[in-house]
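A.B. asks: 27 is the number of the first residue of the sequence shown in the working numbering; add one for each residue after it.
Backbone N, C-alpha and C define an ideal beta-carbon position, used for all residues, glycine too.
A quick note: this is a predicted structure, and the numbers were derived from the prediction, not measured.
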Amino acid sequence: MKNIKILSIETSCDETSCAILQVKNKNLNLLSHTIYSQIKDHIKHGGVVPEFAARLHVPKIIPVIEHTLSKANILPKDISAIAVTTGPGLITSLLVGINTACVLSYVWQKPLISVNHMEGHIVSSLLSNGLDAIQSPAICLTVSGGHTELVLVKNFGDYTIIGKTRDDAVGECFDKVAKMLGLTYPGGPKISILATQSKNKIEFTPPMLNSDDLDFSFSGLKTAVLYKIKELGGLTQLSEQQKADIANGFENSAIQVLIHKTQKAITKFKAKTLLIGGGVCANTKLRTNIQNLLNTNTNLKILIPELEFCGDNAGMIALAGYFKFIKNEFADIKNFRPDPNWSVGTKHEYI
Ligand code: KG4
Ligand code: ZN
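1. What does a CB cutoff of less than 8 angstroms around residue 322 pick up in its chain, not counting 5 residues either side in sequence?
2. Using 8 angstroms for Cβ pairs, my map puts residue 148 next to residue 179. What's the rounded Cβ distance?
3. Residue 264 to residue 281, Cα distance in whole Å?
4. Tell me, to the nearest whole angstrom, how far the beta carbon of residue 293 is from that of residue 327; I am working on the premise that it is less than 8 angstroms.
5. Between the Cα of residue 97 and the Cα atoms of 63, 70 and 59, which residue gives the shortest distance?
6. Please name the residue, chosen from 257, 49, 88 and 244, that lies closest to residue 169 on a Cα-to-Cα basis.
7. Once the 5 residues before and after residue 217 are set aside, which same chain residues still bring their CB inside 8 angstroms of it?
8. Return yes when at least one heavy atom of ligand 1 lies under 7 angstroms from the C-beta of residue 175, else no.
9. Determine whether the beta carbon atoms of residue 347 and residue 34 lie at a separation below 8 angstroms.
10. Quick check: residue 267 and residue 225, are their CB atoms within less than 8 angstroms of each other?
11. Run the CB neighbour count on residue 122, radius 10 Å, all protein chains shown included, and call it buried at 16 or more, exposed below.
12. Report the partner residues of residue 242 according to the DSSP bridge assignment.
13. So residue 273 is in the alpha helix (DSSP H); what residue range does that whole segment cover?
14. Could you check if residue 131 belongs to the surroundings of ligand 1, using beta carbon to heavy atom distance under 7 angstroms?
15. Got a sec: does ligand 1 put a non-hydrogen atom nearer than 7 angstroms to the Cβ of residue 147?
16. According to DSSP, simplified to helix, strand and coil, what is residue 104?
17. By the three-class DSSP mapping on this structure, what secondary structure does residue 44 have?
18. When DSSP labels each residue in this structure, what does residue 142 get in the three-state scheme?
19. Assuming residue 316 and residue 330 are in contact, meaning their beta carbons sit under 8 angstroms apart, how far apart are those beta carbons, in whole angstroms?
20. Counting only runs that start and end within the segment 308-358, where is the beta strand (DSSP E) found for 3 or more residues in a row?
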């Protein structure tokens, strides 16, 4: 019986993360998982500063890997392969993980696997639902700080983007609206907490609700919030109630369009499984609305990641790496480069 252990590294943005995933007789067991978040260091800048993020990964990456190995009680010789995020993401942050993975691969004599960060988000819900959870065709809604995509998943490794944002990602929009309302980075979770205090939501038109395609656009919604704040006299004039009502109206509008386009994709592709992934999946209202799709799609299987696996984490990278491991899709250490704009479902561009 095969007993595969993938050590994974994720440093695409502001989380330094490592995981060890064991796959034995098709059973998944995350032996250990460490996430070191840089959020507290970026708060004062109002968002992630790329060069600063890369510098912060440097002193953390080795301790995070050592901690993960010792928590799993694993020696390097027991590892089957090393999987690392090579894109999309911040190039300097990606380089820290990639260089570390290359050195470990060389020293430990273990194969190297290049993983697309968005593929990690696509498979993240399987970490708690198991390898056999997906029935094809499947649709995945990925919603993060950098991406908003609907992806047709025909098989692991076979992805087609069927809809995406034409401008801002939904997470980015949550963060920008939060900033307008005087909330600190990352604003997504704070918007939803604030929205729970709302009594009368201030309505915003959901963007591109009636467009023929499966695309999204969130920059107009962000501007509509900005104009509303101006109309009410600016941030300093807003009452706490008005801020909560704006947060509530904005959140509802963004989620309404995500749900609407997801339903459209389910119908169009006769999906049997719906997956979701990415940081915005931690949003309670989104999770509830996604679950409610079962009311109208009674045969649909819905897979939602645990909160631990919504944001950036190496657990999902290990699982995406496993799918490449079983297909012997290994990377060449001599030609291993980051691909900061790597679109899921396409070939890695070596730059
Ligand atoms: O996947 P992720 O951790 O990083 C990227 O790959 O971008 O996603 C981060 C994004 C941020 O924009 C953050 O504000 C958003 O996810 N987010 C949320 C919530 N929790 C995190 N947005 C809305 N509601 C939340 N509860
Ligand atoms: Zn992410």
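C.D. replies: With the structure as the only source:
1. If you number the sequence shown from 1, residue 322 lands on position 296. Shown here for residue 322: same chain residues with a beta carbon closer than 8 angstroms to its own, the five before and five after excluded, namely 289 in chain order.
2. Numbered from its first residue, the sequence shown carries residue 148 at position 122. Numbered from its first residue, the sequence shown carries residue 179 at position 153. Their Cβ separation, rounded to whole angstroms, is 6 angstroms, which keeps residue 148 and residue 179 in contact under 8 angstroms.
3. For this step, residue 264 is matched to residue 238 along the sequence shown. For this step, residue 281 is matched to residue 255 along the sequence shown. Computed Cα separation, rounded: 24 angstroms.
4. The residue you call residue 293 lines up with position 267 of the sequence shown. The residue you call residue 327 lines up with position 301 of the sequence shown. Not really, about 16 angstroms apart at Cβ, beyond 8 angstroms.
5. As a working note, residue 97 is residue 71 in the sequence shown. Residue 97 has its Cα closest to that of 59, out of 63, 70 and 59.
6. Locating residue 169 in the sequence shown gives position 143, counting from the first residue. Comparing Cα positions, the closest option is 244.
7. Indexing the sequence shown from 1 puts residue 217 at position 191. Closer than 8 angstroms at Cβ, skipping near neighbours: 200, 203, 204, 207, 209, 273, 276 and 277.
8. To locate residue 175, count along the sequence shown from 1; it is residue 149. Not under cutoff, so the answer is no.
9. For the purposes of this step, residue 347 is taken as the residue at position 321 of the sequence shown. For the purposes of this step, residue 34 is taken as the residue at position 8 of the sequence shown. In contact: residue 347 and residue 34 (Cβ atoms closer than 8 angstroms).
10. The residue labelled residue 267 in the question sits at position 241 within the sequence shown. The residue labelled residue 225 in the question sits at position 199 within the sequence shown. Taking 8 angstroms as the Cβ cut-off, residue 267 and residue 225 qualify as a contacting pair.
11. Residue numbering aside, residue 122 sits at position 96 when the sequence shown is read from its first letter. Buried, because 16 or more other Cβ atoms sit within 10 Å of the Cβ of residue 122.
12. Here residue 242 refers to the residue found at position 216 when the sequence shown is read from its first residue. Beta-bridge pairing links residue 242 to 191.
13. Here the question's residue 273 lines up with position 247 in the sequence shown. Note, residue 273: alpha helix (DSSP H), 266-295.
14. On the sequence shown, position 105 is the one that residue 131 refers to. Not one heavy atom of ligand 1 falls within 7 angstroms of the beta-carbon of residue 131.
15. What you label residue 147 is simply residue 121 of the sequence shown in a count that begins at 1. Yes, the beta carbon of residue 147 sits closer than 7 angstroms to at least one heavy atom of ligand 1.
16. Taking the sequence shown and counting its residues from 1, one reaches residue 104 at position 78. Reduced to three states, the DSSP call for residue 104 is helix.
17. For the purposes of this step, residue 44 is taken as residue 18 along the sequence shown, with counting starting at 1. It is a strand residue.
18. Here residue 142 refers to the residue found at position 116 of the sequence shown. The answer is strand: DSSP assigns residue 142 an E or B state.
19. As a first step, residue 316 is located in the sequence shown; it is residue number 290 there, counting from the start. As a first step, residue 330 is located in the sequence shown; it is residue number 304 there, counting from the start. Indeed they touch by this definition, with Cβ atoms about 6 angstroms apart.
20. 327-329
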